[in-house]
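Below is one structure; the comments refer to it alone.
Encoded structure:
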């Protein structure tokens, strides 16, 4: 090949490089705008603590409809001995929420998974990890099963250290549970879901997974976020020349009441840690 022929190929290469950069920027822009991301099928599900198989952990509280909508996982060491312990994604997926919204939730991460059901259907499910000490996974990160997404906490001392873990079949819930039925039409029993899908069939394709399709905390379903920013609690309006009664934000009642009562009893010497864990 002559030097002249090499020179003629340089503009074409530069154009191709520019097109590839434009394509990458377009894909990133679509993700930030709340469209979709391409994700491979999950090859199975595992528990988010004690990799593998929740080794060294137990369920202090299980799932039941119209009550506790997830599972609380504690280390077998008791007390706050599991502070900072690793929390893993339960399956391959994409992070669709990573923020500290305070109130009863604290640091939260939601991962969306696309998978092939046992009957061959392609389905999606959201896994939520709440009360984290630290968030490691960022918004729109692609994560694998068993990948570190955060560390275990107690919402800055509001609760004993534990992981609150949920599995949602309704992809619109986000952080607005009060706007949805509190039953099996919206939620899965996490342990039952995982045990039934430990190993799943996969293929080489990637599937479109919607992101940013739910409202910010305290917002309505018609007010879905598209900027990927931090969710903030609703503000209380001010009333001039009158004292403002600021109501405590709605916490997760099935979590907060239980842990608050338990902490009060322990401080009063009525029980010791671990004796009421399965209530």
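Residue numbers (my numbering): 3 to 281. Note that the Cβ used here is the ideal one computed from N, Cα and C, for glycine as well. Values in this document were obtained by computation on a predicted structure and should not be read as measured data.
Hey, residue i and residue j are a contact pair by Cβ (cut 8 Å); roughly how many whole angstroms apart?
| i | j | result |
| --- | --- | --- |
| residue 89 | residue 152 | 5 Å |
| residue 109 | residue 80 | Not really, about 23 Å apart at Cβ, beyond 8 Å. |
| residue 72 | residue 166 | 6 Å |
Kindly list the residues whose CB is nearer than 6 Å to the CB of residue i, restricted to its own chain and excluding five residues on each side of it in sequence; keep chain order.
| i | result |
| --- | --- |
| residue 143 | 97 |
| residue 130 | 112, 168 |
Please work out which residues of its chain come closer than 7 Å, Cβ to Cβ, to residue i, disregarding the five sequence neighbours upstream and downstream, and give them in chain order.
| i | result |
| --- | --- |
| residue 77 | 58, 59, 83, 84, 87 |
| residue 100 | 111, 137, 139, 140, 141 |
| residue 191 | 65 |
How about residue i and residue j: do their beta carbons lie closer than 8 Å?
| i | j | result |
| --- | --- | --- |
| residue 94 | residue 62 | no |
| residue 217 | residue 176 | yes |
| residue 148 | residue 208 | no |
| residue 49 | residue 55 | yes |
| residue 184 | residue 128 | no |
| residue 178 | residue 219 | yes |
Ignore the nearest five residues each way along the sequence and tell me which others in residue i's own chain have a CB closer than 8 Å to its CB.
| i | result |
| --- | --- |
| residue 182 | 172, 174, 175, 188 |
| residue 40 | 208, 209, 210, 211 |
| residue 145 | 91, 94, 95, 96, 97, 113, 139, 151 |
Taking the straight line between their C-alpha atoms, what separation do you get for residue i and residue j?
| i | j | result |
| --- | --- | --- |
| residue 106 | residue 162 | 13 Å |
| residue 65 | residue 38 | 30 Å |
| residue 119 | residue 102 | 32 Å |
| residue 202 | residue 42 | 12 Å |
| residue 193 | residue 221 | 30 Å |
| residue 186 | residue 168 | 12 Å |
| residue 104 | residue 75 | 20 Å |
| residue 150 | residue 125 | 24 Å |
| residue 51 | residue 157 | 17 Å |
| residue 205 | residue 115 | 15 Å |
| residue 180 | residue 68 | 11 Å |
| residue 123 | residue 195 | 16 Å |
| residue 199 | residue 121 | 12 Å |
| residue 215 | residue 70 | 24 Å |
| residue 236 | residue 213 | Any reading at residue 236 must be qualified, since the residue scores a pLDDT of 32, below 50, and its modelled position is unreliable; no value is offered. |
| residue 164 | residue 197 | 21 Å |
So, is the C-beta of residue i closer than 8 Å to a C-beta in chain D?
| i | result |
| --- | --- |
| residue 186 | No chain D is present in this structure, which holds just one protein chain. |
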